[in-house]
Amino acid sequence: MRRTTIATIATAALLLTATACTGDDITTKPTKTGAAAPEASTPAEAPEDEPTKATVAKVGDTITLKGQEDGEQVDATLKKLIDPAEPKDEFFTPEDGNRWVAAQFELTNTGTKPYADSPSNGAQVADADGQRFQATFADTKAGPSMASEAKVPPGEKVLGWITFEVPKASKITTVQFGLNSGFADQTGQWRVS
């Protein structure tokens, strides 16, 4: 009896360790592209061992992301990027030496559970120097801000703008988004320059 208990505990510990080592995954491969791909003529027989060129997600593309819990899945689309984004009014503006960049996301719940999140917490932009910038609370002329607390049933979507404050000299190259306020193992990344 004692050996069986020890063997069961050891097996469970090994499985938990293997599961915990899965690590984070940043995906740039779109599941759907925003623009129709041009038709290409293909030879009658294409070699099977020929490598395919990896596609990098760009503005307009959709990346499917999974959350931390079973059944959490969202098709995230970076619909538009405005750089610089104009403030909605003269009272709330970027700090001196900075500008706002606004990204419009459409998040469609393709999972089996409701998607409940604060989407802007899981978004960031990066510049050519590798600096990363989190979202800021700002309203721009680009359009309505993303809901600060989204509760989206399966099959429905949420659409809105997420704003980032970056130095005027920064050249934004990528936009990232992850579920569960960015704590999910998967992060989608779009190249914007």
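First residue of the sequence shown: -1, per the working numbering; consecutive thereafter. Think of the CB as a built atom: it goes at the ideal place given N, C-alpha and C, for glycine as much as any other residue.
- In this structure, D59 and L79 do not form a Cβ contact; the two beta carbons are roughly 12 Å apart against a cut-off of 8 Å.
- Here the region 135 to 152 does not lie against the region 165 to 178, with fewer than 3 beta-carbon pairs under 8 Å apart.
- Using a 10 angstroms sphere on the CB of E93, the tally of other CB atoms stays under 16, which defines it as exposed.
- Note on geometry: alpha-carbon atoms of V123 and E163 lie some 10 Å from one another.
- Looking at the backbone, the Cα of A114 and that of A136 are separated by about 22 Å.
- Around the Cβ of G109, a 10 Å sphere holds 16 or more other Cβ atoms; the residue is buried.
- T138 is classed as buried because its beta carbon has at least 16 other beta carbons within 10 Å across all chains shown.
- Membership of E163 in the beta strand (DSSP E) is indicated by the continuous run K155 to P165.
- In chain order, D183, Q184 and T185 place their CB closer than 8 Å to the CB of D23, counting only its own chain and leaving out the 5 sequence neighbours on each side.
- Cβ neighbours of G180 within its own chain (closer than 7 Å, five residues either side excluded): N119 and G120.
- Looking at the backbone, the Cα of G158 and that of V57 are separated by about 15 Å.
- By DSSP's assignment, T134 forms a beta bridge with T161.
- Under the 10 Å beta carbon count, Q129 is surrounded by fewer than 16 other beta carbons and is classified as exposed.
- Taking the CA atoms as reference points, G69 sits about 42 Å from F89.
- Under the three-state reduction of DSSP output, P28 falls in the coil class, being neither helix nor strand.
- T53 and K27 have their C-alpha atoms roughly 6 Å apart.
- In this model, W188 and K86 are separated by some 26 Å (Cα to Cα).
- Bridge partners of P85 according to DSSP: T138.
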